[in-house]
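Numbering (our numbering), first residue to last: 50 to 495. The C-beta atom is built at its ideal place from N, Cα and C for all residues, glycine as well. What follows is a short report on a single structure.
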């Protein structure tokens, strides 16, 4: 059943809030805890549907996973190579991260695993993962185009590989490195553009040997040595910078706003949006900077700002690939033209986010165009008209981006179904309204 929401023009946002835990770190904490020997404790885990599906899958693969009364999670792992064949199909819901990383985990275990997901996940390409994992010895049987449902027949005699990523993807990199944990020798991934490195950081924290070198042409060369003994760890999950993007941009575009978002992960390979917003003139300050569990963290203070259009280079895309819809919303309020280059990956996310962003902005009266994989937004320096109902196609980030636009547009903006928001940002409406937004349920078309 759909869950329509409407967002009306808000007064100044104020106050302090903590967005949910980082989705990327949460997935990995559960997976690595399941591979470790002994007890792991995880605090601040994102309890959205995507991550809860990963928790259920790790139980199905033999790990003990439980939520404690204090909100933390406890895991007793199986050790590297100790996962067991699941009795049921693993349903990862909407989670591309969960599906792709878990394919890497099971590819080098000698048993069969069947993966499925919701309609959105079943439409997403998996060949980019199955191709390198096949080279390691696993077999994959999926739908046309290499899509879910998919059966993975793991190998008991995996081969280490050296694989250069054809497209920047932290998910593909991580799947290969996870397969390499239960593979003799050294497994290497070469990436021409740096992608988020949560896998490398957390594997080291759990005790794996992960070496990172830089090639002559600037590429990152990441090597994992097989058969490490991972040991249980205490993991503190930082607040998700991708989720923090929504209240941050809301504050920037809503006059008089001044908010603080606490404990936000500031991994340098995840902060492209904040760098871009600063270039546009946003008043953003990183306060109380610190380190938790190998991850950089800060409190983010955001004030209303007048923005100017900028060019966003293609090489920045890996550090902000999930944030382009909300950046496009910010660009709609800027003065001048913002050009976002190299967005091909947006077309194969939970939905075709490129097309969805373009259509939504046009419906809200924004002057926007595409040129190949470049999205071009012409801002007038005035609030867009709004007044549209956006079809989000099960995409949580499209839903949140356009609800933020409605907070400062001339007329209210609705989304036809906000149910998917809970996959990454449970409590989104309550948090935003607590800061001063006016988001409500509605059965009516705007």
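Return the chain-ordered list of same chain residues with a C-beta closer than 6 Å to the C-beta of residue 115, the five sequence neighbours on each side being excluded. So the list reads 123, once near-sequence residues are dropped.
Looking only at DSSP bridge pairs, what is residue 435 linked to? Paired residue(s): 460.
At which residue ranges does the stretch 204-263 contain complete beta strand (DSSP E) runs of 3 or more residues, listed in the order of the chain? You should have 211-213, 235-240, 259-263.
Quickly, what does DSSP pair residue 191 with across the bridge? List them, please. Bridge pairing for residue 191: 199 [DSSP].
Please list the segments of the alpha helix (DSSP H) lying wholly inside the stretch 263-313, counting only runs of 4 or more residues, in order along the chain. Qualifying alpha helix (DSSP H) stretches, in chain order: 290-302.
Rounded to whole angstroms, what is the Cα-Cα separation between residue 467 and residue 438? Approximately 12 Å between the Cα atoms of the pair.
Tell me where the beta strand (DSSP E) around residue 369 begins and ends. For residue 369, no beta strand (DSSP E) run applies, since DSSP gives it neither H nor E.
For residue 142, report the span of its beta strand (DSSP E) as first-last. Counting along the chain, residue 142 falls outside any beta strand (DSSP E), and DSSP gives it neither H nor E.
Proximity winner among 193, 373, 448, 411, relative to residue 323 (alpha-carbon distances): Proximity to residue 323 across 193, 373, 448, 411 peaks at 373, based on C-alpha coordinates.
Would you mind reading off the limits of the alpha helix (DSSP H) that contains residue 54? Careful: residue 54 lies outside any alpha helix (DSSP H), inside the beta strand (DSSP E) at 54-57.
Between the CA atoms of residue 207 and residue 185 - distance to the nearest angstrom: Whole-angstrom Cα-Cα distance: 5 Å.
Can you tell me where the alpha helix (DSSP H) with residue 482 in it begins and where it stops? Run containing residue 482: 477-484, per the alpha helix (DSSP H) assignment.
Based on the DSSP output, what are the partners of residue 125 in its beta bridges? Per DSSP, the beta bridge partners of residue 125 are 88, 113.
With DSSP as the reference, identify every bridge partner of residue 345, one or two as the case may be. Bridge partners of residue 345: 340.
Buried or exposed, going by whether 16 or more other CB atoms sit within 10 Å of the CB of residue 493? Low per-residue confidence applies at residue 493: pLDDT is 43, beneath 50, and the placement is therefore not dependable, though the value from the model is reported in the following sentence. Answer is exposed; the Cβ neighbour count stays below 16.
In this structure, how does DSSP classify residue 494 when only helix, strand and coil are distinguished? Confidence is the limiting factor: at residue 494 the pLDDT is only 40, short of 50, which leaves the residue's position unreliable, though a coordinate-based value still follows. DSSP places residue 494 in coil when its eight states are reduced to three.
Just to check my reading of the structure: residue 126 and residue 285 have Cβ atoms closer than 8 Å, yes? What is that Cβ distance to the nearest angstrom? Contact between residue 126 and residue 285 is ruled out by a C-beta separation of about 18 Å, above the 8 Å threshold.
So, are the CB atoms of residue 473 and residue 97 less than 8 Å apart? Their beta carbons are under 8 Å apart, which means residue 473 touches residue 97 by this criterion.
Taking the straight line between their C-alpha atoms, what separation do you get for residue 166 and residue 138? Cα-Cα distance, rounded: 10 Å.
Does the stretch 336-356 come within contact of the stretch 295-306, defined as at least 3 CB pairs closer than 8 Å? Counting Cβ pairs under 8 Å, three or more are found: they touch.
Mind checking which residues open and close the alpha helix (DSSP H) that includes residue 453? Unbroken alpha helix (DSSP H) run through residue 453: 445-455.
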